[in-house]
Amino acid sequence: MIHGSIRLIEDRCTSCMICARECPTWCIRLTSHQEQTVPAPGARPRTHNVLDTFTIDWSLCMYCGVCIEQCPTDALEWGDSHVPSADSLVDLVHQREQLAPDA
1 MIHGSIRLIE DRCTSCMICA RECPTWCIRL TSHQEQTVPA PGARPRTHNV
51 LDTFTIDWSL CMYCGVCIEQ CPTDALEWGD SHVPSADSLV DLVHQREQLA
101 PDA
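Here it is as structure tokens:
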């Protein structure tokens with residue numbers, strides 16, 4: 001299979017951290033916080049995770065696709081474009097804005 005980079009579909013991400021835990025090279029890092037939602041009157045409040053940061057360090061990634069396979073919400077997918085070369089390792093750490101499908 002020929003593929004490019006990994007893309008993040010942010011609105012599908014629940015910040016469950018399965019992708020980061022299952023990655024054999026630990027190239028994915030994410031942070032989140034919890035917010036409370038109040039459902040219909042009489043129901044108890046619920047909490048859900050909200051994604052704050054999501055990064056992939058392409059200098060560590062081995063493009064194995066484990067993160068994509070393990071994501072229970074299909075928030076990660078193969079993209080068509082390849083990761084551009086960089087002059088420094090810092091430039092190979094892409095934030096969630098760079099991982100978006102439209103980026």
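Going by the UniProt record's numbering, the residue at position 9 of the sequence shown is 9; the numbering climbs one at a time, nothing skipped. Glycine residues also receive a C-beta, built at the ideal position from the N, C-alpha and C atoms.
- The DSSP-derived three-state label of Asp102 is coil.
- DSSP places Glu22 inside the alpha helix (DSSP H), whose first and last residues are 18-22.
- Taking 8 Å as the upper bound for CB-CB distance, Glu22 and Val66 are in contact here, some 5 Å apart.
- Within the model, the alpha-carbon separation for Arg46 versus Ala75 is close to 22 Å.
- By the Cβ neighbour-count rule, Arg7 is buried, with 16 or more other Cβ atoms within 10 Å of its own.
- By DSSP's assignment, Leu8 forms a beta bridge with Leu76.
- Exclusion of the five residues before and after Leu89 leaves Ser59 as the residues of its chain whose Cβ lies within less than 6 Å of its Cβ.
- Shown here, Gln95 sits in coil according to DSSP, grouped into three states, outside any helix or strand.
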